[in-house]
Amino acid sequence: MLLGCAILAMVLVNSPLADGFLAVWEQKLVVTISGEGVSKALHFWVNDGLMAIFFFVVGLEIKREMLIGELSSPRQAILPLVAAAGGMAVPAALYYLLNPGGDEAAGWAIPMATDIAFALGVLALFGDRASVSLKIFLTALAIFDDIGAVLVIAFFYTDDLTPVALATSAGVLALTVAANFLGVRSMLVYAVLGIALWIAMLNSGFHATVAGILLALAIPARSQIRSDSFISRSQSLIEQFKNVSDPEQDALDNDRQQRLLLALESETERAGTPLQRLEHALNPWVAFFVIPVFALVNAGVALDGVTAATFMHTVTAGIAVGLVLGKPLGILGCVWLAVKLGLADLPDKVTWMQIGALGCLAGIGFTMALFIGDLAFGVGPLMEAAKRGILAGSLLAGVIGGALIWVATRRGTPLA
Numbered sequence: 004m005l006l007g008c009a010i011l012a013m014v015l016v017n018s019p020l021a022d023g024f025l026a027v028w029e030q031k032l033v034v035t036i037s038g039e040g041v042s043k044a045l046h047f048w049v050n051d052g053l054m055a056i057f058f059f060v061v062g063l064e065i066k067r068e069m070l071i072g073e074l075s076s077p078r079q080a081i082l083p084l085v086a087a088a089g090g091m092a093v094p095a096a097l098y099y100l101l102n103p104g105g106d107e108a109a110g111w112a113i114p115m116a117t118d119i120a121f122a123l124g125v126l127a128l129f130g131d132r133a134s135v136s137l138k139i140f141l142t143a144l145a146i147f148d149d150i151g152a153v154l155v156i157a158f159f160y161t162d163d164l165t166p167v168a169l170a171t172s173a174g175v176l177a178l179t180v181a182a183n184f185l186g187v188r189s190m191l192v193y194a195v196l197g198i199a200l201w202i203a204m205l206n207s208g209f210h211a212t213v214a215g216i217l218l219a220l221a222i223p224a225r226s227q228i229r230s231d232s233f234i235s236r237s238q239s240l241i242e243q244f245k246n247v248s249d250p251e252q253d254a255l256d257n258d259r260q261q262r263l264l265l266a267l268e269s270e271t272e273r274a275g276t277p278l279q280r281l282e283h284a285l286n287p288w289v290a291f292f293v294i295p296v297f298a299l300v301n302a303g304v305a306l307d308g309v310t311a312a313t314f315m316h317t318v319t320a321g322i323a324v325g326l327v328l329g330k331p332l333g334i335l336g337c338v339w340l341a342v343k344l345g346l347a348d349l350p351d352k353v354t355w356m357q358i359g360a361l362g363c364l365a366g367i368g369f370t371m372a373l374f375i376g377d378l379a380f381g382v383g384p385l386m387e388a389a390k391r392g393i394l395a396g397s398l399l400a401g402v403i404g405g406a407l408i409w410v411a412t413r414r415g416t417p418l419a
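The sequence shown begins at 4 in this note's numbering and counts up one residue at a time.
Quick look at the structure:
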């Protein structure tokens with residue numbers, strides 16, 4: 004759907020329907036809460052509203068990985084952390100070499116980004132030929148890349164800060180953390196606090212999507228009962244349910260069975276965590292609605308008048324070079340240095356050629372690159388140049404990365 008919406012945006016922007024299609028996203032939508040209204044274009048509600056949900060889910064994934072996943076120990080985390088750092092620093096440096104000053108310099112962070120959905124999608128095409136450890140390494144690398152992108156957005160792409168709104172944001176965040184500490188597990192409470200945090204962050208000068216990450220880190224990730232207690236209580240409730248069942252009576256008419264089902268549901272919720280429930284509930288909405296709509300709004304590039312010379316624009320070239328060359332050079336170089344210094348070991352069954360291939364796949368910037376590009380340039384010629392670099396660089400990085408993965412995972416390929 005992400006790829007389909009990106010192609011659809013390209014087709015519409017280069018068709019007779021272009022003016023009408025672009026005008027749709029400039030239509031105003033007013034959202035009113037308690038008498039206070041926010042009137043913004045649909046483009047804003049997608050990029051600042053829906054994408055806050057995307058960053059919220061990213062934050063939930065980061066927190067889960069830090070607690071129980073691939074980022075839960077320093078030894079596990081060091082290699083993807085170093086790889087992500089190199090994969091952000093080198094592309095930014097290459098871009099800056101081509102755009103050292105002027106308005107163009109604002110786009111230095113665009114080629115730092117990795118689109119985890121596209122990168123993992125390409126890797127998934129190879130099935131079990133790509134080892135689990137290879138997929139885990141790319142996922143962990145992309146997560147650190149997302150953390151870096153969020154920090155860059157928060158500290159480098161902000162307007163003038165408003166102290167009162169910033170203090171309000173801190174206060175709402177403190178309330179959210181306190182709710183977690185006090186054992187509050189109601190999704191409604193965190194939804195209300197999340198909306199308040201988003202509004203405060205919007206008015207503070209920080210980009211509103213940062214609220215999604217901050218809220219996610221405050222969501223409870225602890226279960227209220229141990230697994231052995233859950234098993235014993237659930238078994239007891241199921242036994243009681245069997246004992247009071249009547250083959251001739253529908254469960255809806257059996258009050259005792261209904262009470263037991265509610266009790267079992269309550270035990271299940273106590274055994275799970277709000278973090279897991281939210282991640283499970285929101286992932287499909289983000290994957291099949293938020294990100295495709297974002298691509299539909301942002302991926303369209305007018306090709307009228309585009310020639311080979313237009314790809315020599317320093318913004319276009321800087322982004323493409325950063326994604327295609329900077330990403331694999333930064334990732335492979337920093338991983339090699341970390342291994343040689345004894346800071347970490349290569350993942351099991353992962354070769355140097357595969358690391359280079361993953362570096363290329365990490366050059367698929369697309370969603371995050373478009374997002375940062377919008378923050379850097381807004382609407383205008385520089386953003387059009389950035390889109391050309393993002394689409395061309397991401398496509399080329401994906402093709403090269405896919406080809407290298409195919410070579411590196413062939414039967415009989417040397418491991419070294």
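Think of the CB as a built atom: it goes at the ideal place given N, C-alpha and C, for glycine as much as any other residue. Computed from a predicted structure; not experimentally measured.
Rounded to whole angstroms, the separation of the alpha carbons of ALA157 and VAL187 is 28 Å.
Under the DSSP assignment, GLU29 falls outside any alpha helix (DSSP H); it carries neither an H nor an E label. By the C-beta density criterion, ALA26 is exposed, having fewer than 16 other C-beta atoms within 10 angstroms.
The straight-line gap separating the alpha-carbon atoms of MET13 and LEU394 is approximately 11 Å.
Just so you know, the alpha carbons of ALA266 and ALA274 end up roughly 12 Å apart. Here THR117 is buried, its C-beta having at least 16 other C-beta atoms within 10 Å. DSSP places VAL338 within a helical segment (H, G or I) once states are collapsed to three. Taken through DSSP and simplified to helix, strand or coil, LYS352 comes out as coil. Sixteen is the threshold: since fewer than 16 other Cβ atoms of the shown chains lie within 10 Å of the Cβ of MET315, the residue is exposed. Within its own chain, the residues whose Cβ lies closer than 7 Å to the Cβ of VAL175, once the five positions on either side in sequence are excluded, are LEU196, ALA199, LEU200, ALA203, listed in chain order. Within the stretch 229-306, the runs of alpha helix (DSSP H) that reach at least 4 residues and sit entirely inside it are, in chain order, 230-246, 258-274, 277-288, 294-301. The criterion of a C-beta distance shorter than 8 Å is not satisfied by MET54 and PHE291. Within the same chain, and ignoring the five residues on either side of SER136 in sequence, the residues whose Cβ sits closer than 7 Å to its Cβ are PRO350, ASP351, LYS352, VAL353. Residues TYR98, LEU101, ASN102 of the same chain have their beta carbon placed closer than 6 Å to that of GLY321, with the five preceding and five following residues left out of the count.
Put simply, the stretch 163-178 does not touch the stretch 112-129. Fewer than three CB pairs are less than 8 Å apart. The bridge partners DSSP lists for LYS43 are LEU32. Taking a contact as a CB-CB distance under 8 Å, the pair GLY62 and GLY308 does not count as one, their CB atoms being some 41 Å apart. Leaving aside the five residues that flank VAL180 on each side, the residues in its chain whose CB is nearer than 6 Å to its CB run, in chain order, ALA221.
Per DSSP, ALA389 is one residue of the alpha helix (DSSP H) stretching across 384-411. DSSP, reduced to helix, strand and coil, places GLY105 outside both helices and strands of the structure shown, so it counts as coil. When the beta-carbon positions are compared, PRO331 and CYS363 come within less than 8 Å of each other. Residue PRO277 holds the alpha-carbon nearest to the alpha-carbon of ALA224 among ALA109, SER232, PRO277, GLU270. In this model, THR161 and GLN238 are separated by some 54 Å (Cα to Cα). GLU68 is positioned such that its CB atom lies no closer than 8 Å to that of ALA44. Under the three-pair Cβ rule at 8 Å, the stretch 81-92 counts as touching the stretch 332-344. Just so you know, the alpha carbons of ILE234 and ASP348 end up roughly 39 Å apart. ASP149 and ALA92 have their alpha carbons spaced roughly 14 Å apart. Annotated three-state conformation of ARG225 is coil, per DSSP.
For PHE140, the enclosing alpha helix (DSSP H) has its first and last residue at 135-159. Note on geometry: alpha-carbon atoms of ILE228 and VAL300 lie some 44 Å from one another.
Just measuring C-alpha positions, the residue of TRP288, LEU306, SER230, GLU270 sitting nearest PRO19 is LEU306.
When the Cα atoms are used, VAL304 and ARG391 turn out to be separated by approximately 7 Å. For ARG67, the three-state secondary structure derived from DSSP is helix. Of the residues THR271, GLN243, VAL153, LEU141, the one whose Cα lies closest to the Cα of GLN260 is GLN243. When only Cα atoms are considered, TRP48 and LYS343 end up about 47 Å apart.
In terms of Cβ geometry, ALA298 and THR370 form a close pair [threshold 8 Å].
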